[in-house]
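In our numbering, the protein residues as written are 53 to 227. For reference, the structure is listed below as C-alpha coordinates.
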(Lines of atoms letter the chains of each structure in order from A and count residues from 1; the text may use other names and numbers.)
(Lines give C-alpha, C1' and ligand atoms only; values in the text may rest on other atoms or scores of the structure.)
Protein backbone atom coordinates (compact mmCIF):
# COMPACT_ATOMS: atom_id res chain seq x y z
CA UNK A 1 0.00 0.00 0.00
CA UNK A 2 1.23 3.48 -0.85
CA UNK A 3 2.19 5.83 1.98
CA UNK A 4 -0.03 8.91 1.85
CA UNK A 5 1.12 10.36 5.19
CA UNK A 6 2.35 13.57 3.54
CA UNK A 7 -0.77 14.00 1.37
CA UNK A 8 -3.86 16.16 1.81
CA UNK A 9 -6.89 14.90 -0.09
CA UNK A 10 -9.94 17.06 -0.79
CA UNK A 11 -13.33 15.37 -1.07
CA UNK A 12 -15.53 17.81 -2.97
CA UNK A 13 -19.25 17.17 -2.48
CA UNK A 14 -22.52 18.41 -1.08
CA UNK A 15 -25.85 17.05 0.16
CA UNK A 16 -27.02 13.88 -1.56
CA UNK A 17 -23.61 12.22 -1.93
CA UNK A 18 -23.63 8.45 -2.31
CA UNK A 19 -22.83 7.29 1.23
CA UNK A 20 -20.53 4.41 0.22
CA UNK A 21 -18.79 6.40 -2.53
CA UNK A 22 -18.06 9.09 0.06
CA UNK A 23 -17.08 6.99 3.09
CA UNK A 24 -15.14 4.10 1.59
CA UNK A 25 -12.61 6.11 -0.46
CA UNK A 26 -12.05 8.37 2.58
CA UNK A 27 -11.37 5.32 4.73
CA UNK A 28 -8.96 3.94 2.10
CA UNK A 29 -6.86 7.11 1.86
CA UNK A 30 -6.93 7.68 5.64
CA UNK A 31 -5.81 4.09 6.21
CA UNK A 32 -2.86 4.90 3.92
CA UNK A 33 -2.07 7.94 6.11
CA UNK A 34 -3.65 10.84 4.21
CA UNK A 35 -5.25 13.89 5.75
CA UNK A 36 -8.75 14.43 4.34
CA UNK A 37 -10.66 17.68 4.01
CA UNK A 38 -14.35 17.71 3.11
CA UNK A 39 -14.92 20.66 0.77
CA UNK A 40 -18.46 21.88 0.02
CA UNK A 41 -20.28 25.08 -0.99
CA UNK A 42 -21.35 25.82 2.62
CA UNK A 43 -19.73 25.07 5.99
CA UNK A 44 -22.43 22.82 7.43
CA UNK A 45 -23.35 19.22 8.15
CA UNK A 46 -23.92 17.37 4.88
CA UNK A 47 -26.33 14.47 4.56
CA UNK A 48 -25.82 11.58 2.18
CA UNK A 49 -28.67 10.07 0.22
CA UNK A 50 -28.92 7.18 2.71
CA UNK A 51 -28.67 9.41 5.78
CA UNK A 52 -25.01 9.39 6.77
CA UNK A 53 -23.59 12.79 7.71
CA UNK A 54 -20.30 14.61 7.27
CA UNK A 55 -18.95 17.90 8.56
CA UNK A 56 -17.55 20.34 6.02
CA UNK A 57 -13.98 21.41 6.77
CA UNK A 58 -13.72 24.23 4.25
CA UNK A 59 -16.01 25.89 1.71
CA UNK A 60 -15.30 25.63 -1.99
CA UNK A 61 -14.91 29.43 -2.14
CA UNK A 62 -12.28 29.35 0.61
CA UNK A 63 -10.53 26.33 -0.95
CA UNK A 64 -9.89 27.98 -4.32
CA UNK A 65 -6.13 28.23 -4.65
CA UNK A 66 -5.45 25.53 -2.04
CA UNK A 67 -2.75 23.14 -3.17
CA UNK A 68 -4.41 19.77 -2.50
CA UNK A 69 -2.31 16.73 -3.32
CA UNK A 70 -5.35 14.83 -4.61
CA UNK A 71 -9.10 15.23 -5.06
CA UNK A 72 -11.97 12.75 -4.76
CA UNK A 73 -15.36 13.38 -6.40
CA UNK A 74 -17.98 10.97 -5.03
CA UNK A 75 -21.20 10.24 -6.85
CA UNK A 76 -24.81 10.55 -5.89
CA UNK A 77 -27.03 12.11 -8.54
CA UNK A 78 -28.19 15.03 -6.38
CA UNK A 79 -24.69 15.72 -5.10
CA UNK A 80 -23.12 15.66 -8.56
CA UNK A 81 -25.87 17.79 -10.08
CA UNK A 82 -25.50 20.46 -7.37
CA UNK A 83 -21.70 20.51 -7.08
CA UNK A 84 -21.21 21.02 -10.81
CA UNK A 85 -23.18 24.27 -10.48
CA UNK A 86 -20.75 25.62 -7.87
CA UNK A 87 -18.27 27.83 -9.74
CA UNK A 88 -15.60 27.50 -7.04
CA UNK A 89 -15.81 23.69 -7.09
CA UNK A 90 -15.47 23.67 -10.87
CA UNK A 91 -12.47 26.03 -10.65
CA UNK A 92 -10.74 23.83 -8.04
CA UNK A 93 -11.23 20.72 -10.17
CA UNK A 94 -10.15 22.42 -13.41
CA UNK A 95 -6.94 23.84 -11.92
CA UNK A 96 -6.16 20.58 -10.11
CA UNK A 97 -6.49 18.42 -13.23
CA UNK A 98 -4.66 20.94 -15.43
CA UNK A 99 -1.78 20.93 -12.90
CA UNK A 100 -1.45 17.18 -13.47
CA UNK A 101 -2.46 16.25 -9.93
CA UNK A 102 -4.40 13.03 -9.31
CA UNK A 103 -8.17 12.99 -9.10
CA UNK A 104 -10.49 10.09 -8.32
CA UNK A 105 -14.06 10.24 -9.60
CA UNK A 106 -16.85 7.69 -9.33
CA UNK A 107 -20.37 7.28 -10.67
CA UNK A 108 -22.16 10.60 -11.33
CA UNK A 109 -19.17 12.56 -9.98
CA UNK A 110 -17.95 12.75 -13.57
CA UNK A 111 -20.47 15.47 -14.31
CA UNK A 112 -18.23 18.10 -12.69
CA UNK A 113 -15.44 17.11 -15.09
CA UNK A 114 -17.67 18.11 -18.01
CA UNK A 115 -18.18 21.57 -16.52
CA UNK A 116 -14.46 21.87 -15.76
CA UNK A 117 -13.74 21.03 -19.43
CA UNK A 118 -10.93 18.57 -18.61
CA UNK A 119 -12.12 15.43 -20.41
CA UNK A 120 -11.02 16.08 -23.98
CA UNK A 121 -9.00 13.06 -25.12
CA UNK A 122 -9.26 11.25 -21.76
CA UNK A 123 -10.50 7.68 -21.38
CA UNK A 124 -12.90 7.41 -18.43
CA UNK A 125 -15.76 5.39 -17.03
CA UNK A 126 -18.80 6.38 -14.96
CA UNK A 127 -22.34 5.39 -14.18
CA UNK A 128 -23.70 4.47 -17.60
CA UNK A 129 -26.45 7.12 -17.67
CA UNK A 130 -23.90 9.95 -17.96
CA UNK A 131 -21.72 8.39 -20.66
CA UNK A 132 -23.23 10.59 -23.38
CA UNK A 133 -22.45 13.72 -21.34
CA UNK A 134 -18.84 12.59 -20.91
CA UNK A 135 -18.50 11.71 -24.60
CA UNK A 136 -19.95 15.10 -25.57
CA UNK A 137 -17.25 16.69 -23.38
CA UNK A 138 -14.59 14.91 -25.46
CA UNK A 139 -13.98 11.78 -23.39
CA UNK A 140 -13.59 8.24 -24.63
CA UNK A 141 -16.07 6.37 -22.38
CA UNK A 142 -15.49 2.69 -21.55
CA UNK A 143 -17.45 0.24 -19.41
CA UNK A 144 -14.76 -0.96 -16.97
CA UNK A 145 -14.68 -1.12 -13.16
CA UNK A 146 -11.79 1.34 -12.93
CA UNK A 147 -9.86 3.35 -15.52
CA UNK A 148 -6.62 5.26 -14.99
CA UNK A 149 -5.79 7.78 -17.73
CA UNK A 150 -3.01 10.13 -16.77
CA UNK A 151 -4.02 11.82 -13.54
CA UNK A 152 -7.72 10.83 -13.63
CA UNK A 153 -8.90 7.63 -11.93
CA UNK A 154 -12.55 6.87 -12.73
CA UNK A 155 -14.99 4.18 -11.69
CA UNK A 156 -18.63 3.25 -12.29
CA UNK A 157 -20.63 2.37 -9.17
CA UNK A 158 -20.40 1.34 -5.50
CA UNK A 159 -19.94 -2.25 -6.73
CA UNK A 160 -16.52 -1.15 -8.05
CA UNK A 161 -15.32 0.54 -4.85
CA UNK A 162 -12.72 -2.08 -3.94
CA UNK A 163 -10.91 -1.62 -7.27
CA UNK A 164 -11.42 2.15 -7.20
CA UNK A 165 -10.02 2.52 -3.68
CA UNK A 166 -6.96 0.44 -4.53
CA UNK A 167 -6.34 2.54 -7.66
CA UNK A 168 -6.71 5.94 -5.96
CA UNK A 169 -4.37 5.00 -3.12
CA UNK A 170 -1.79 3.82 -5.65
CA UNK A 171 -2.14 6.86 -7.92
CA UNK A 172 -2.33 9.38 -5.06
CA UNK A 173 0.90 7.87 -3.72
CA UNK A 174 2.69 8.81 -6.94
CA UNK A 175 1.82 12.50 -6.56
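All C-beta atoms in this analysis are idealised placements derived from N, C-alpha and C, irrespective of residue type, glycine included.
{"Check": "Buried or exposed for residue 211, going by 16 or more other Cβ atoms inside 10 Å?", "Outcome": "exposed"}
{"Check": "Return helix, strand or coil for residue 117, following the three-state DSSP convention.", "Outcome": "coil"}
{"Check": "With respect to the beta strand (DSSP E) encompassing residue 227, which residues constitute its N-terminal and C-terminal limits?", "Outcome": "Note, residue 227: premise wrong, no beta strand (DSSP E); not H, not E."}
{"Check": "Does the Cβ of residue 80 have 16 or more other Cβ atoms within 10 Å, making it buried, or fewer, making it exposed?", "Outcome": "buried"}
{"Check": "Examine the Cβ distances between the segment 149 to 162 and the segment 115 to 133 and report whether three or more of them are shorter than 8 Å.", "Outcome": "yes"}
{"Check": "Residue 143 and residue 176 look like a contact to me (Cβ under 8 Å); what is the Cβ gap, rounded to whole Å?", "Outcome": "The pair is not a contact, with the Cβ atoms about 20 Å apart (cut-off 8 Å)."}
{"Check": "In whole angstroms, give me the CA-to-CA distance for residue 220 and residue 155.", "Outcome": "8 Å"}
{"Check": "For residue 184, count neighbouring C-beta atoms within 10 Å of its own C-beta (all shown protein chains included) and say buried if the count is 16 or more, exposed if not.", "Outcome": "exposed"}
{"Check": "Mapping the DSSP letters down to three states, classify residue 180 as helix, strand or coil.", "Outcome": "helix"}
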